[in-house]
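Engineer: Following this message is one structure expressed as C-alpha cells.
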Amino acid sequence: MAQRLTVIGTGYLGATHAACMAELGFDVLGLDVDKKKIDRLAAGDLPFFEPGLEPLLQRHLASGRLRFTTSYEELAAFGDVHFVCVGTPQKAGEYAADLTYVDAAINSLAPLLERPCLVVGKSTVPVGTAAMLADRLAELAPVGEHARLAWNPEFLREGFAVKDTLHPDRLVVGVRSEGPEQILREVYAATIAEGTPFIVADYPTAELVKVAANAFLATKISFINAMAEVCEATGADVTKLSEALSHDDRIGGKFLGPGLGFGGGCLPKDIRAFMARAGELGVDQALSFLREVDAINIRRRIRMVDLARELLGGSFTGRTVGVLGAAFKPNSDDVRDSPALDVAASIRAQGGHVTVYDPQAMHNARRAQPDLKYGESALDAVRGAHVVLHLTEWAEFREMSPDTLATVVAERNIVDGRNVLDPEQWRSAGWNYRALGRP
Ligand code: UDX
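The sequence shown runs contiguously to residue 621 in the numbering used here.
Laid out in C-alpha cells, this is it:
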C-alpha cells in the first residue's frame, strides 16, 4: 500500500471517495477549487447530507490519513494516483454534457506531473472523452507518457454512497495497458478480496458501462410509469401490476416503483448526454427510445399537477397546497432536477399558495426556488392546505398519522406521488386519497 491518493473535486462523489479511500488505509489528499467547501471539509463539517459520511470524514481527519487543499501544486507533489471526481452537468440549453470541470482538472494537473503517476477518471463523461484526455495528459505532463490514464466509472447512489463505495457491486476499469490495471488492483485490493467483480475493459467500453447502466435504470422506471398512464385510463392499479411483475425474476422488483419518476444529478442529464453523444456518433436512432423515456418521466410531473388541480375543482388560484418533499429522493438533500420541487414551482406559477417541507433539503430548495414558501415541519407545511402532495418518500412522511394531519388541513385531500402511503388507512381517516396510476 505504497500509493498516496488524491481526489480532485469534493462533491457527493469526490468527498465520499476520499473518505472511503482513507477508510481503506490510504493517505488521501482531496482538492476542490471552492475554498469554502474545502474549509468546511477540513473542519470535519460535511457540506451536504449523506448518511454515514460525516463520521468517516471526522475519523480520518483525526487519524491524519485525510487532508484537503485548494493547491494543485501540493496535490501533484503528493499523489501517485489522482482520482478525478468533478461534475459533468448538462450544458445550458442543450442535451450534451458540459466538460468544463473535467477539462479544467486535467489542464491544471497535467503540467505539474513530474514523476510517473496514474490519473483515474471517475466522472461520467461522453464516450470518447478518456482517449482524448489520455493524449492531452501525455502531451501536457513534463513526465510525458508516464502520466497514464484509466477510466473507472462510479455507480454510487446518494443516500448509500459510503456503502456503495466501500462495497460496490462491481469495479470497472478502462485502460490502455497493463500497468494502470495493476495499480488499480492494488488500490481496490480489499474490495476485490471480498469477491467484487473487477472488469477490465478499453476506454470506450468503460465509459459506456456507466451511461448504459443509467439508461437502463431510467428506462425501467419510465416503463412502469408508462404502465401507470395506461392504468389511469383503465381503472387498473399500477402498484399491483408492478408487484405482480416483480415476481418474475427476469424482471425483478427493483426500480419498478411507479410514481413521480426520476430526478437528481445523474439519471436525467446522463440519458440526455448519451443521446447527444449518440447523435454526434451517427447512431442517434439506437437511442431514440431514451427521448420517450425522458418524456414519460416529465409527463408524470405534469400529471401530478393536473391531479392536484382536479382535486381543487379546476384551479389553483387562491388555494393552499402543502408539499411534502423537495429532495429528488429520500435520504438526500439534493434538489437537482427534483420532481418534487418542479411540481411545487409549477403549482405556484399557476397561482397556488405552496408551502414546502423537506427533512434535509430545505437549504438547497430555498436556494433553487427562493420564491416558494417553506414550512418548519411537515405539519407546518400542510397547515390550512386544500390539498397535500406527498412527493418525496421520506420515512418521516410515510409514518405520518392521517388523523394528526387532518387536524391542521383545510380539506382532507392527499395525492401520494410515490405510492407508498396506505390508501386504506388514509381513506378510513376521512381523506380523499389519490395516487398516480391507481384508481
Ligand atoms: C443513480 C444510479 O442509481 C447510480 O448508480 C448512478 O451512479 C447515479 O445515478 P442516484 O441519482 O443517487 O443514483 O439515485 P437513484 O437511487 O438511482 O434514484 C434515481 C431516481 O429514480 C430518484 O429520483 C428516485 O426517486 C427514482 N426512482 C427510483 C423511481 O422513481 N422509482 C424507482 O423504482 C426507483
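Using N, Cα and C, we set each Cβ at its ideal position, and we do this for glycine too.
#1: Return the residue from the list Gly207, Gln185, Leu235, Arg186 that minimises the CA-CA distance to Gly196.
#2: Just confirm the distance between the C-beta atoms of Ala508 and Ala543, as a whole number of angstroms; I'd bet it's less than 8 Å.
#3: Rounding to the nearest angstrom, what Cα-Cα distance links Asp209 and Phe498 in this structure?
#4: Please confirm whether any heavy atom of the ligand UDX lies closer than 8 Å to the CB of Asn546.
#5: Just verifying my parser: in three-state terms, what is the DSSP assignment at Val590?
#6: Using 8 Å as the cut-off, classify the Cβ of Glu389 as near or not near the heavy atoms of the ligand UDX, replying yes or no.
#7: Pair every Cβ in the stretch 329-337 with every Cβ in the stretch 292-309, then say whether three or more of these pairs are closer than 8 Å.
#8: So for Asp285, helix, strand or coil by DSSP?
#9: Pick out the complete alpha helix (DSSP H) segments inside the stretch 448-499, 4 residues or longer, and give them in chain order.
#10: Between the Cα of Glu389 and those of Arg432, Val355, Ala418, Asn407, spot the shortest distance and give me the residue it belongs to.
#11: Would you please state the rounded distance, in angstroms, between the beta carbons of Val597 and Ala490? I believe it to be under 8 Å.
#12: According to DSSP, which residues form a beta bridge with Gln272?
#13: If you run the structure through DSSP and keep just helix, strand and coil, what is Trp576?
#14: Using a Cβ distance threshold of 8 Å, determine whether the stretch 368-376 contacts the stretch 308-317, with at least three qualifying pairs required.
#15: Who pairs with Ile332 in a beta bridge, going by DSSP?
#16: List the whole-angstrom C-beta distance separating Ile190 from Leu281, where the pair is believed to meet the contact cut-off of C-beta under 8 Å.
#17: What is the DSSP secondary structure of Lys422, counted as helix, strand or coil?
#18: Hey, how far is the Cα of Ile403 from the Cα of Glu593?
#19: Does the beta carbon of Lys392 fall short of 8 Å from some heavy atom of the ligand UDX?
#20: Does Pro450 pass the burial test, meaning 16 or more other C-beta atoms within 10 Å, or should it be called exposed?
#21: Using three-state DSSP, classify Gly619 as helix, strand or coil.
#22: Between the C-alpha atoms of Phe405 and Val475, what's the straight-line distance to the nearest angstrom?
#23: Would the C-beta of Asp452 count as close to the ligand UDX, meaning under 8 Å from any of its heavy atoms?
#24: List the residues that DSSP assigns as beta-bridge partners of Lys555.
#25: Short check: CB of Arg600 to CB of Gly441, under 9 Å?
#26: Looking only at its own chain, which residues have a Cβ that is under 7 Å from the Cβ of Ala460, when we skip the five neighbours before and after it?
#27: Taking 8 Å as the cut-off, is the C-beta of Phe510 nearer than that to any heavy atom in the ligand UDX?
#28: Would you say Ala395 touches the ligand UDX, meaning its beta carbon is less than 8 Å from a heavy atom?
#29: Consider the C-beta atom of Ile406 and the heavy atoms of the ligand UDX; say whether any pair is separated by less than 8 Å.
#30: What is the DSSP secondary structure of Gly310, reduced to helix, strand or coil?
#31: Is it the case that the Cβ atoms of Ala458 and Tyr385 are separated by a distance below 9 Å?
Structural biologist: To lay it out plainly:
#1: Position 14 of the sequence shown, counted from the first residue, corresponds to residue 196. Comparing Cα positions, the closest option is Leu235.
#2: Looking up residue 508 in the sequence shown gives position 326. Looking up residue 543 in the sequence shown gives position 361. At roughly 4 Å, the Cβ-Cβ gap stays under 8 Å, so Ala508 and Ala543 are in contact.
#3: Here residue 209 corresponds to residue number 27 of the sequence shown, with the count starting at 1. Here residue 498 corresponds to residue number 316 of the sequence shown, with the count starting at 1. Their backbone Cα atoms lie some 56 Å apart in a straight line.
#4: For the purposes of this step, residue 546 is taken as the residue at position 364 of the sequence shown. Answer for Asn546: no, Cβ out of range of the ligand UDX.
#5: As a position in the sequence shown, residue 590 is number 408, starting the count at 1. Residue state, collapsed to three classes: coil.
#6: Mapped onto the sequence shown, residue 389 falls at position 207. No, the ligand UDX has no heavy atom inside 8 Å of this Cβ.
#7: The stretch 329-337 makes contact with the stretch 292-309, as at least three CB pairs between them are under 8 Å.
#8: Here the question's residue 285 lines up with position 103 in the sequence shown. In the structure shown, Asp285 sits in a helix (DSSP, three-state: H, G or I).
#9: At a cut-off of 4 residues, the continuous stretches assigned as alpha helix (DSSP H) that sit fully inside the stretch 448-499 are 449-463, 470-493.
#10: Here residue 389 corresponds to residue number 207 of the sequence shown, with the count starting at 1. For Glu389, the closest of Arg432, Val355, Ala418, Asn407 by C-alpha to C-alpha distance is Val355.
#11: Taking the first residue of the sequence shown as 1, we reach residue 597 at position 415. Taking the first residue of the sequence shown as 1, we reach residue 490 at position 308. The beta carbons of Val597 and Ala490 sit about 6 Å from each other, so the pair counts as a contact at 8 Å.
#12: Taking the sequence shown and counting its residues from 1, the one referred to as residue 272 is at position 90. Within the DSSP bridge table, the entry for Gln272 names Ala279 as partners.
#13: Translated into positions along the sequence shown, residue 576 becomes position 394. The answer is coil: DSSP assigns Trp576 none of H, G, I, E or B.
#14: Contact fails between the stretch 368-376 and the stretch 308-317, because fewer than three Cβ pairs, one in each stretch, are under 8 Å apart.
#15: Sequence index remark: in the sequence shown, residue 332 carries index 150 (1-based). First, the residue type needs correcting, since residue 332 is Ala and not Ile in the sequence shown. According to DSSP, Ala332 bridges with Val302.
#16: Numbered from its first residue, the sequence shown carries residue 190 at position 8. Numbered from its first residue, the sequence shown carries residue 281 at position 99. About 14 Å separates the beta carbons of Ile190 and Leu281, which is beyond the 8 Å limit, so they are not a contact pair.
#17: Position 240 of the sequence shown, counting from 1, holds the residue named residue 422. It is helical.
#18: For the purposes of this step, residue 403 is identified with residue 221 of the sequence shown, where counting begins at 1. For the purposes of this step, residue 593 is identified with residue 411 of the sequence shown, where counting begins at 1. Across the structure, Ile403 and Glu593 are spaced so that their CA atoms are roughly 32 Å apart.
#19: Here residue 392 refers to the residue found at position 210 when the sequence shown is read from its first residue. In this structure, Lys392 has its beta carbon less than 8 Å from a heavy atom of the ligand UDX.
#20: Counted from its first residue, the sequence shown places residue 450 at position 268. It counts as buried.
#21: As a first step, residue 619 must be located in the sequence shown, where it is residue number 437. Coil at Gly619, not helix or strand.
#22: Position 223 of the sequence shown, counting from 1, holds the residue named residue 405. Position 293 of the sequence shown, counting from 1, holds the residue named residue 475. Their backbone Cα atoms lie some 8 Å apart in a straight line.
#23: On the sequence shown, position 270 is the one that residue 452 refers to. Under cutoff, so the answer is yes.
#24: Locating residue 555 in the sequence shown gives position 373, where the first residue counts as 1. Note: Lys555 sits in a beta bridge opposite Thr537.
#25: By one-based count along the sequence shown, residue 600 stands at place 418. By one-based count along the sequence shown, residue 441 stands at place 259. It is a contact, given that the beta carbons lie within the stated cut-off.
#26: Counting from one through the sequence shown, the residue named residue 460 turns up at place 278. For Ala460, where only same-chain residues beyond five positions count, the Cβ hits under 7 Å are Asp466, Ala468, Leu469.
#27: Residue numbering aside, residue 510 sits at position 328 when the sequence shown is read from its first letter. Under cutoff, so the answer is yes.
#28: Here residue 395 corresponds to residue number 213 of the sequence shown, with the count starting at 1. Checking the Cβ of Ala395 against the ligand UDX gives yes.
#29: In the sequence shown, the residue the question calls residue 406 occupies position 224. Flag set: Cβ of Ile406 near the ligand UDX.
#30: As a first step, residue 310 must be located in the sequence shown, where it is residue number 128. DSSP places Gly310 outside both helix and strand once states are collapsed to three, so it counts as coil.
#31: Within the sequence shown, residue 458 is the residue found at index 276, counting from 1. Within the sequence shown, residue 385 is the residue found at index 203, counting from 1. Their beta carbons are not under 9 Å apart, which means Ala458 does not touch Tyr385 by this criterion.
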